[in-house]
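Chain order of the listed sequences is A and B.
Heads up: the first sequence begins at 194 in our numbering, then just goes up one per residue.
Heads up: the second sequence begins at 190 in our numbering, then just goes up one per residue.
Glycine included, each C-beta is placed from N, C-alpha and C at the ideal position.
To start, the structure under review is shown below, and the notes come after it.
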Amino acid sequence: MSGAAPTFTPLGDAALVVYTPQARALVSRLTQQPPPGLLDAVPALGQVTLLFDPLRTDAGPLAQAVRRLLATGSAEPAHPGRRLTIAVTFGGPDLPWCAAHAGLSEAAFIQALCAAPLEVAFVGFTPGFAFLTGLPPGLQMPRLAAPREQVPAGSVALGGPWAGVYPRATPGGWRLVGHTAFQPFDLARAEPVPWRAGDRVRFQDLGAQGG
Amino acid sequence: MADLESPERQGGELEVLRPGLHTTVQDAGRRARALGVPGGGAADGTARRLANALVGNPGAAPGLELTLLGPALRFDAPALISLCGAPFAATLDGAPLPLWRAVAVAAGQTLDVRGAPAGVRAFLAVRGGLLGQEVFGSCATDLRSGFGGLAGRALRAGDRLIWGPALPAPAPRAVPAPGLHTPVGPHHRLRVRPTPDLTPALAASLCGPPFTVSAQADRMGARLSEAVPAPHEPARPSVPNVPGLLQLPPDGRPIVLLPDAGTHGGYPTPLVVIQADHPRLAQLRPGDRVQFEEVSLAAARHALLAQERALRQAETALRHWYARP
């Protein structure tokens, strides 16, 4: 088995944080073979938080189960990532600022953003919100000093190392560069959340397609 | 024993005459945090379990969570109900309704729940369990995203709610011991575990001095009024939250996370309230005083075991009562 050994930190008396570069594979294996007492496994970048029932298990047995799961099978998750293309209408309120910050014209900035091979690192924060990784350093934007009280649903935004699409209107501190009709959370669909960690994502400039 | 499919099993319907301040359908919550979906569910889990046990429901059955000011509900069919949690003043057709016990309701009667002098929330269980929109395995109302329960929203006047079929049963005479009631304010001691974010300086400012619950308290979290020196970490990554976590935003005013909190957060989180004290978080009322007390993992475990043993004893006794031939 490749990869560094996982490390563990308890979080209160009913959760255990696992630090491992194989967070994605671990979540998929925990879902297939949940150890007794595990309630939920929540991934983030390089870590998985295990919520457990302290009346049924403990950090010790869970850590053992995690080590066992990581030691068996390949480092790659069972299913290959999907590819999603998200059509974006660029022109968000922060687009001029972001282009200037990147030292590019707006057109060149949009082109560079659409060329970036993004990947879903994990889903979280609000239902369906995906943290998209893979922005080249020049396109990474500092968050706003004070978050907006309301970011419209469908906003395409950049914050720190991340890109994202707001599934619904929420407060938000990322820079808004565009808008999309793509809905990251829709209970009317068979699969309400259309992406998972490992899926590959590209933005497509709707304006550039114009007729 | 009666057949489960026998025609005696009846459900029923109630009408919301007055919705109350913030009344929602809740149950034991959902497990879809990896999709960004909050756990949800009744904030006071003890009240939920005992209210359900008192009417012979499974502990996770959906009921109504009441907040600060209760609803007025007219039952169109006979029902068996129980109200557990903060000491709300309630009447059934004008007669005082006792809390923490099962009460038979005749068709046409009106349950009128007013305010509570202390605490915030109570759980109203109806024998048979309320029906609601199920999302990711739970009927809990998620107000932020607008799903679950009754159209993903709080009750409104004129709404109708349906409960599931169950064999009629008289109200059990048994009542849970008062020691099982979730404590309400105005003074709370919350037992906590430290996280790696707890520095000695933060420990000194958080563990010991009293805090005041601010008016910003809802199902996402209860914000405290007094500020502590918060570390400034703008580049901190977003990591998973857990229930009972104490979040420290840049202004230094701590937020205790409740069931509807977002699944991930980017603020330092120096403390976690232990499981045994989670039901108390539901009762944090603006103006209440809170003190955090660090305890060992062994003490946290002991407290939870003792509480669980007592709860299960009550649940088992009631289950036996309902299983009588």
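Next on the checklist: Whole angstroms are fine: how far does the CA of Pro-320/A sit from the CA of Pro-247/A?
Outcome noted: 26 Å
Checklist entry - Relative to chain A, which residues along the stretch 436 to 469 of chain B have a C-beta separation below 7 Å, given in chain order? => result Of all residues in the stretch 436 to 469 of chain B, only Gly-451, Thr-452, His-453, Val-461, Ile-463, Gln-464 come within less than 7 Å of chain A when Cβ atoms are compared, listed by chain position.
Checklist entry - Going by other Cβ atoms of all chains shown within 10 Å of its Cβ, with 16 needed for buried, is Glu-254/B buried or exposed? => result Glu-254/B comes out buried.
Checklist entry - Who are the Cβ neighbours of Gly-404/A in its own chain at under 8 Å, not counting the five residues just before and after it? => result In this prediction, Gly-404/A scores a pLDDT of 37, lower than 50, which makes its location untrustworthy; no coordinate-derived value is stated.
Next on the checklist: Can you list, in chain order, the residues of its chain with a C-beta nearer than 7 Å to that of Tyr-212/A? Leave out the 5 residues immediately preceding and following it.
Outcome noted: Counting only residues of its own chain and dropping the five nearest sequence neighbours on each side, Tyr-212/A has a CB closer than 7 Å to the CB of Pro-199, Thr-200, Gly-239, Gln-240.
Next on the checklist: Beta-carbon within less than 8 Å of Asp-348/B's beta-carbon, same chain only, minus the 5 sequence neighbours each way: which residues are those?
Outcome noted: Glu-204, Val-205, Pro-208, Leu-339
Checklist entry - For Asp-398/A, does the three-state DSSP call read helix, strand or coil? => result strand
Checklist entry - Start and end of the beta strand (DSSP E) containing Ile-279/A? => result 276 to 283
Next on the checklist: Let me confirm a value: Ser-298/A is counted as buried when at least 16 other C-beta atoms fall within 10 Å, else exposed. Which label applies?
Outcome noted: Classified as exposed, Ser-298/A has fewer than 16 neighbouring CB atoms from the shown chains inside 10 Å of its CB.
Next on the checklist: To the nearest angstrom, how far is the alpha carbon of Thr-242/A from that of Asp-301/B?
Outcome noted: Approximately 43 Å between the Cα atoms of the pair.
Checklist entry - With respect to the beta strand (DSSP E) encompassing Trp-290/A, which residues constitute its N-terminal and C-terminal limits? => result Trp-290/A -> not in any beta strand (DSSP E); alpha helix (DSSP H) instead, spanning 288 to 295.
Item to check | Own chain residues within Cβ distance below 6 Å of Gln-199/B, not counting five before or after | outcome: Pro-354
Item to check | Environment of Val-324/B [buried if 16+ CB atoms lie within 10 Å] | outcome: Val-324/B comes out buried.
Checklist entry - So what does Arg-382/B bridge to, in DSSP terms? => result Val-461/B
Item to check | Residue-chain proximity (Thr-505/B, chain A), Cβ-Cβ < 8 Å | outcome: no
Next on the checklist: Check whether chain A comes within 8 Å of Val-226/B, counting only Cβ atoms and requiring the distance to be less than that.
Outcome noted: yes
Checklist entry - Taking the C-alpha atoms as reference points, what is the distance between Ala-191/B and Asn-246/B? => result Its pLDDT being 42, under 50, Ala-191/B is placed unreliably by the model, and nothing is read from it.
Item to check | Inter-residue spacing [alpha-carbon to alpha-carbon] between Thr-458/B and Ala-392/B | outcome: 12 Å
Next on the checklist: So, at 7 Å on beta carbons, what are the nonlocal neighbours of His-294/A in its own chain, with the 5 sequence-adjacent residues on each side left out?
Outcome noted: Met-334
Next on the checklist: Taking the alpha-carbon of His-467/B as reference, which of Ala-221/B, Arg-237/B, Val-214/B has the nearest alpha-carbon?
Outcome noted: Arg-237/B
Checklist entry - Per DSSP, what kind of secondary structure is Gln-215/B in: helix, strand or coil? => result strand
Checklist entry - Quick one: which chain B residues come within Cβ less than 8 Å of Val-220/A? => result Ala-223
Item to check | Chain-ordered neighbours of Leu-339/B on chain A, where CB pairs are closer than 7 Å | outcome: Neighbours of Leu-339/B on chain A: none; closest Cβ ~15 Å, over 7 Å.
Checklist entry - So, helix, strand or coil for Pro-448/B, using DSSP? => result coil
Item to check | Pick from Gly-252/B, Pro-372/B, Gly-326/B, Asp-331/B that is closest to Gly-308/B, judged by C-alpha positions | outcome: Answer by Cα proximity: Pro-372/B.
Checklist entry - Roughly how many whole angstroms lie between the Cα atoms of Ala-404/B and Leu-473/B? => result 10 Å
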